[in-house]
Every structure is written in structure tokens, then in C-alpha cells.
Amino acid sequence: MELDKETQEKIQELQSYEHTLQNLLMQKQAFQFESNETENAIDEVSKSKDEVFKIVGSIMIKTDNEKILKELKQKSEHLSIRFKSIEKQESELTKRIEELRDEVMKKIK
């Protein structure tokens with residue numbers, strides 16, 4: 001079956017969107033992992049009564065508990081904002097993919 005040029009372009013666009021969605025999902029997963037690690041670090045530092053060390057490059061530096069907690073909480077907030085942004089992009093992209101898929105299926109039938 002020969003598809004018209006418009007349908008072929010929509011199929012290519014659909015494939016491009018699906019590829020973009022896959023990349024977005026990988027980013028989302030990476031941010032989720034980093035967010036979980038940050039939350040675990042916040043919990044551990046909060047419980048710790050001992051000295052806290054921070055890795056900077058290839059060295060460890062003794063750091064004040066309050067300072068490191070502040071840094072970790074800021075990082076957590078940043079990750080949360082980025083995660084929400086990715087979820088919004090994912091939602092919009094998924095909607096567009098569904099619309100394109102419907103258009104292509106109507107043309108094919």
C-alpha cells in the first residue's frame with residue numbers, strides 16, 4: 001500500500017516524538033534516582049550526630065551538618081522542580097503522540 005507524502009511525514013514526526021519521549025523518560029528516571037539518593041542523604045545527615053564529610057572532586061572535606069543539610073535540601077527542591085517539568089513535557093508529548101497516531105491510523109485504513 002502506497003502512503004501519501006503527508007502520511008509519511010506524520011509517521012516520521014510520530015517516530016521522532018516517540019524517540020524524544022524515550023529520552024525524556026530516561027532523564028526522568030535519572031532525576032528520580034538522584035532525588036531518592038538526595039532524600040536518603042538528607043535522612044542520614046539528619047540522624048547523624050557525628051562529623052559529616054562531603055566529597056568534592058577527589059577529596060573529602062569535613063562539613064557542618066547544617067550547611068550540608070541546607071545544600072541537600074536545595075538540591076532536592078531543584079530536582080523536584082526539574083522532575084515536575086519533565087512530567088509536564090512527558091504529558092504533552094504523550095498527548096501529541098496519541099493525536100498523531102490516531103491521524104495516521106485513520107489515513108492508513
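Going left to right, the sequence shown walks through residues 1 to 109 as my numbering numbers them.
Where is the CB? At the ideal position from N, CA and C, for every residue including glycine.
Note that the structure is predicted; figures quoted are calculated from it, not measured.
Simplified DSSP state of residue i, which is helix, strand or coil
| i | result |
| --- | --- |
| residue 95 | helix |
| residue 73 | helix |
| residue 54 | strand |
| residue 4 | coil |
| residue 109 | coil |
Distance between beta carbons of residue j and residue i, contact taken as under 8 angstroms
| i | j | result |
| --- | --- | --- |
| residue 97 | residue 17 | 5 angstroms |
| residue 49 | residue 63 | Rounded, the Cβ-Cβ distance is 15 angstroms, inconsistent with contact. |
| residue 93 | residue 7 | Actually they are not in contact, since the Cβ atoms of residue 93 and residue 7 sit about 21 angstroms apart, beyond 8 angstroms. |
| residue 90 | residue 24 | 5 angstroms |
Residues that DSSP places opposite residue i in a beta bridge
| i | result |
| --- | --- |
| residue 63 | 52 |
Residue i vs residue j beta-carbon contact at 8 angstroms
| i | j | result |
| --- | --- | --- |
| residue 75 | residue 38 | yes |
| residue 65 | residue 56 | no |
| residue 83 | residue 47 | no |
Closer than 7 angstroms: residue i CB and nearest the ligand GDP heavy atom
| i | result |
| --- | --- |
| residue 105 | The model on display carries no ligand, and the ligand GDP is accordingly not part of it. |
Q. Would you call the stretch 72–87 and the stretch 20–35 in contact, with 3 or more CB pairs under 8 angstroms?
A. Contact holds: three or more Cβ-Cβ distances are below 8 angstroms.
Q | the stretch 8–16 in contact with the stretch 65–74 per 3-pair CB rule at 8 angstroms | A | Counting C-beta pairs closer than 8 angstroms gives fewer than three between the stretch 8–16 and the stretch 65–74, which falls short of the contact rule.
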